[in-house]
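K.L.:
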Amino acid sequence: MFKKILIANRGEIACRVIKTARRMGIQTVAVYSDADRDALHVEMADEAVNIGPAPSNQSYLIIENILKAIKETGAEAVHPGYGFLSENAKFAEALEKEGIAFIGPNVKAIEVMGDKIASKKFANEAKVNTVPGYLGVIKDTDEAVKIANEIGYPVMIKASAGGGGKGMRIAWSEGEVADGFNSSVSEAKSSFGDDRIFIEKFVTEPRHIEIQVLADGKEAIYVGERECSIQRRNQKVIEEAPSPFLDEATRKAMGEQAVALAKAVDYRSAGTVEFIVDKEKNFYFLEMNTRLQVEHPVTELITGIDLVEHMIRIAAGEKLSLKQADVKLKGWAIESRIYAEDPYRNFLPSTGRLVRYQPPAEGVTGTRTVRNDTGVFEGGEISLYYDPMIAKLCTHAPTREEAIDAMSEALDQFRIEGIQHNIPFLGAIMEHPRFRSGALTTGFIAEEFPDGFSGIEVTPERADLFALVATYVNELHAARATEISHQLPHRQRKLPEDWVVSFGTDWSQRVKAQEAAGGLDVAFLSDDGEVTSRHHISSNWTPGQKVFRGAIDGQPVVMQLDRAKGLQGYHLNYRGSSANVVVRTRRAHEFALLMPEKVEADTSKLLLCPMPGLVVSINVEVGQEVKAGESLAVVEAMKMENILRAERDGVVKEINCAAGDSLAVDEIILEFE
10 MFKKILIANR GEIACRVIKT ARRMGIQTVA VYSDADRDAL HVEMADEAVN IGPAPSNQSY
70 LIIENILKAI KETGAEAVHP GYGFLSENAK FAEALEKEGI AFIGPNVKAI EVMGDKIASK
130 KFANEAKVNT VPGYLGVIKD TDEAVKIANE IGYPVMIKAS AGGGGKGMRI AWSEGEVADG
190 FNSSVSEAKS SFGDDRIFIE KFVTEPRHIE IQVLADGKEA IYVGERECSI QRRNQKVIEE
250 APSPFLDEAT RKAMGEQAVA LAKAVDYRSA GTVEFIVDKE KNFYFLEMNT RLQVEHPVTE
310 LITGIDLVEH MIRIAAGEKL SLKQADVKLK GWAIESRIYA EDPYRNFLPS TGRLVRYQPP
370 AEGVTGTRTV RNDTGVFEGG EISLYYDPMI AKLCTHAPTR EEAIDAMSEA LDQFRIEGIQ
430 HNIPFLGAIM EHPRFRSGAL TTGFIAEEFP DGFSGIEVTP ERADLFALVA TYVNELHAAR
490 ATEISHQLPH RQRKLPEDWV VSFGTDWSQR VKAQEAAGGL DVAFLSDDGE VTSRHHISSN
550 WTPGQKVFRG AIDGQPVVMQ LDRAKGLQGY HLNYRGSSAN VVVRTRRAHE FALLMPEKVE
610 ADTSKLLLCP MPGLVVSINV EVGQEVKAGE SLAVVEAMKM ENILRAERDG VVKEINCAAG
670 DSLAVDEIIL EFE
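Per the numbering used here, the sequence shown runs over residues 10 to 682.
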């Protein structure tokens, strides 16, 4: 067994590999860029080596820098994680020449299966059904448009060396092919150092289901499947194992085909064969990822198999210790990818410092398990140079419904401040009837949230929940303020029992609160003061805590809580719904209704930068007439290029920046007449 391995990666996957290596008694070496000097994976590893400047194409993608770090530290093997050099055949060859073990597949497998164009050709020769498309390298935009017209729309533009949604676009017209091709080329070159692009038919209403395989070069097994259909911008958001769609016969057929493909290339290590599955359970080979997948934890949770450990053992020359009969699927696992992005602003990336990072407690409680794979820490920085993933939150339970419930509760407990994040969106998906029913396709998010995400409507039941929590919290704050102001004992304070809870000017509810054993009794009142319902709420919450944990009528409740502007205002978040809730005396509420509303500034003639990023290009000139939908500028953040388009027709009056400029959120890019 190896004594020391180097992890040629960063973030949560580097931390994940270190955990298994540490358990196996193997020393670890981390590599880091200037931006990652204080990163969590650097702190966790036994040794760490700087490999260059912040941009990945000057650090994590430079093979010579990795080789130098190996020589400096005496590492015997390299685990590449995912992304970066994980599917780079030249990297594997360079390690082989130096006598360093690659904790991954052989060079042949990487070359054939890690390249999306070559893998499809190989699959065709092996008589594996593939999605129709053009498998040659496309040279320029004109050729891309011509090929797309021949295939028929919609088409998928994909980077040959791509992964994680990078260098990938869906195009429904010639114009979208032209824009998408250029962005895919740029992203692919930046993220993978390989700008080759191909085009294939986009299968509508598909499911994305992948098979995990383990192989030692001779024997191979499949380790269940993962459903990865919940995607946004071709990037997975939520994964689960097993799939709610497959029956045992289809699972077996897909698994055997995946194993046959692995054996055909003498595959060694962990790998994933991805399939597109239609509503009739016909499946088509999509690609093979010759590395560890981001979503591998859900497979580990339902099988009890440590995939990283098997990768290390196989790379060290051990035979695969598992037989197909040893693989048993137990229970259900869900993974939510928590990203640094703003779901309320079309999921644009968000960078900055993690002022607060408090994930839910990991471990087993009863029949439920919570696991959180992360590479960040409170006080750390989310950089614009790398992928925006903050953490992978996973839950496991005996049934799918229980696993989803466990995920909802875990998301409620996850507190992040300092940057925007997608937890409210993830919580909304967990509560969505279609998701809970298992009726999934890769178009789920686009179909269910066609206008983007603006939060889930606050139902009457949820409004009551918010009102009860706000009343409880307000009672504690009011009592605390009374004691501080008058220095009176708690029992001598005088507070009104009758309050009005309101959500802006559209909704209000009269409540009556009284102290009771173990908590507070709250009665909802009609306009004439009659009791309409009674509730009991209890909690150990204290002023200043940002997560409320308690029970209402004996049922546990956890939600995010912040003080809003004003003495008695609270901002509450719960499973995709949010509201600004104010608790006032009846008289104060009457006065509040008379207050004028603040008018927001008119920004309709401005193009504002929607996130911190680097200006890639300005696509218009001063005085130019533009039409709605026309590309105005391209801004890059976290390795993704974002095309900013005109919302309406207009004439460009002034341009305030140029290509290469770094912009902050809401900084003005250009103005219209």
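Cβ coordinates follow ideal geometry from the N, Cα and C atoms, glycine included. Please read these numbers as outputs of a predicted model, since none were measured by experiment.
#1: Report, in whole angstroms, the separation of the C-beta atoms of LEU449 and ILE239, which I expect to be a contact under 8 Å.
#2: Among the candidates ALA522, ALA526 and ALA262, whose CA atom is the shortest distance from the CA of VAL540?
#3: Any idea which residues DSSP pairs SER547 with across the strands?
#4: Could you give the first and the last residue of the continuous beta strand (DSSP E) run that contains VAL186?
#5: Taking the alpha carbon of THR468 as the point to measure from, which residue in GLU440, ALA400 and TYR276 has its own alpha carbon closest?
#6: Check whether the Cβ atoms of ALA642 and VAL660 sit closer than 9 Å, and answer yes or no.
#7: Is it buried or exposed for PRO251, if we count other Cβ within 10 angstroms and need 16 for buried?
#8: Given that a residue counts as buried once 16 or more other Cβ atoms are within 10 Å of its Cβ, and exposed if not, what is SER417?
#9: Suppose you measure from the CA of SER547 to the CA of THR374; what does that come to, to the nearest Å?
#10: Examine chain C for any beta-carbon lying closer than 9 Å to the beta-carbon of ASN589, and answer yes or no.
#11: Could you give the DSSP three-state label for ASN628: helix, strand or coil?
#12: Spatial neighbours of MET53 within its chain, please: C-beta separation below 6 Å, excluding the five flanking residues on both sides.
#13: Going along the chain, which residues of its own chain have a beta-carbon closer than 6 Å to the beta-carbon of ILE220, five neighbours each way excluded?
#14: Could you check what DSSP says for LYS332 in three-state terms: helix, strand or coil?
#15: Pull up the distance between the alpha-carbon of LEU9 and that of GLU350, whole angstroms please.
#16: From which residue to which residue does the beta strand (DSSP E) around MET297 run?
#17: Using the C-alpha atoms, what's the distance from PRO358 back to ILE399?
#18: Can at least three beta-carbon pairs, one atom from the segment 107 to 127 and one from the segment 297 to 308, be found at a separation below 8 Å?
#19: Taking its Cβ as the centre, do 16 or more other Cβ atoms sit within 10 Å of SER65, making it buried, or is it exposed?
#20: Mind the definition here: the segment 612 to 627 touches the segment 646 to 655 only if three or more C-beta pairs lie below 8 Å; say whether that holds.
#21: Please report the residue range of the beta strand (DSSP E) in which CYS403 lies.
#22: If you count every other CB in all the chains shown that lies within 10 Å of the CB of PRO552, and 16 or more means buried, which is it?
#23: Helix, strand or coil for LYS337? Go by DSSP, reduced to three states.
#24: Are the beta-carbon atoms belonging to GLY578 and ARG572 less than 9 Å from one another?
#25: Output needed for PHE190: all residues of its chain with C-beta closer than 7 Å, excluding positions within five of it in sequence on either side, in chain order.
#26: Let's test the definition: count the other Cβ atoms within 10 Å of the Cβ of VAL38 and tell me whether it reaches 16, buried, or not, exposed.
#27: Looking at the unbroken alpha helix (DSSP H) that takes in LEU393, where does it start and where does it end?
#28: When DSSP labels each residue in this structure, what does HIS580 get in the three-state scheme?
#29: With ASP414 as the anchor, note down where its alpha helix (DSSP H) starts and where it stops.
#30: Can you list, in chain order, the residues of its chain with a C-beta nearer than 8 Å to that of VAL87? Leave out the 5 residues immediately preceding and following it.
#31: Flag this pair as touching only if the segment 401 to 412 and the segment 335 to 342 have three or more C-beta atom pairs under 8 Å; answer yes or no.
#32: Determine whether the beta carbon atoms of VAL286 and PHE211 lie at a separation below 9 Å.
#33: Span of the alpha helix (DSSP H) holding PHE760?
#34: Looking at the secondary structure, which residues open and close the beta strand (DSSP E) in which ARG354 lies?
#35: Apart from the five residues on each side of it in sequence, which residues of its chain come closer than 7 Å, Cβ to Cβ, to ALA588?
#36: Could you check the C-alpha separation between LEU144 and LEU363 for me, to the nearest Å?
P.N.:
With the structure as the only source:
#1: LEU449 to ILE239, Cβ: 7 Å. Contact.
#2: The shortest Cα separation from VAL540 among ALA522, ALA526 and ALA262 belongs to ALA522.
#3: In the DSSP output, where bridge partners are listed per residue, SER547 has ALA560.
#4: Note, VAL186: premise wrong, no beta strand (DSSP E); alpha helix (DSSP H) at 183 to 201.
#5: Ranking the options by Cα distance to THR468, first place goes to GLU440.
#6: No, they are not a contact pair.
#7: PRO251 should be labelled buried.
#8: Buried, since its Cβ has 16 or more Cβ neighbours within 10 Å.
#9: Each residue's alpha carbon lies about 22 Å from the other.
#10: The question asks about chain C, but that chain is absent: this structure has only one protein chain.
#11: Here ASN628 sits in coil by DSSP.
#12: The answer, listed in chain order, is CYS24 and ILE27.
#13: Correct list, in chain order: TYR231, GLU234, MET263, GLY264, ALA267 and VAL282.
#14: Three-state DSSP puts LYS332 in coil, outside helix and strand.
#15: Since the first residue of the chain shown is 10 and the last is 682, residue 9 is not available in this structure.
#16: Run containing MET297: 292 to 298, per the beta strand (DSSP E) assignment.
#17: Approximately 12 Å between the Cα atoms of the pair.
#18: Inter-segment contact for the segment 107 to 127 and the segment 297 to 308 is present: three or more beta-carbon pairs are separated by less than 8 Å.
#19: By the neighbour-count rule (16 or more Cβ atoms within 10 Å), SER65 is buried.
#20: Counting Cβ pairs under 8 Å, three or more are found: they touch.
#21: Secondary structure note for CYS403: its beta strand (DSSP E) is the uninterrupted segment 398 to 406.
#22: With fewer than 16 Cβ atoms within 10 Å of its Cβ, PRO552 is classed as exposed.
#23: Here LYS337 carries a coil assignment [DSSP, helix/strand/coil].
#24: Contact flag set, yes.
#25: Closer than 7 Å at the Cβ level, and outside the excluded window around PHE190, lie THR150, ALA153, ILE166 and ILE206.
#26: So VAL38 counts as buried.
#27: Neither: LEU393 is in no alpha helix (DSSP H) and is coded neither H nor E.
#28: The answer is strand: DSSP assigns HIS580 an E or B state.
#29: Unbroken alpha helix (DSSP H) run through ASP414: 409 to 422.
#30: Only ILE14, LEU15, ILE16, ALA17, ILE75, ILE79, LEU104, ILE109, ALA110, PHE111 and ILE112 meet the Cβ criterion.
#31: Under the 8 Å Cβ criterion, the segment 401 to 412 counts as touching the segment 335 to 342, having at least three qualifying pairs.
#32: Not closer than 9 Å, so no.
#33: The question about residue 760 has no answer, for the chain in this structure spans 10 to 682.
#34: Careful: ARG354 lies outside any beta strand (DSSP E) and carries neither H nor E.
#35: Counting only Cβ-Cβ distances below 7 Å, and skipping sequence neighbours, we find VAL467, PHE475, PHE512 and LEU581.
#36: So the two alpha carbons sit approximately 43 Å from each other.
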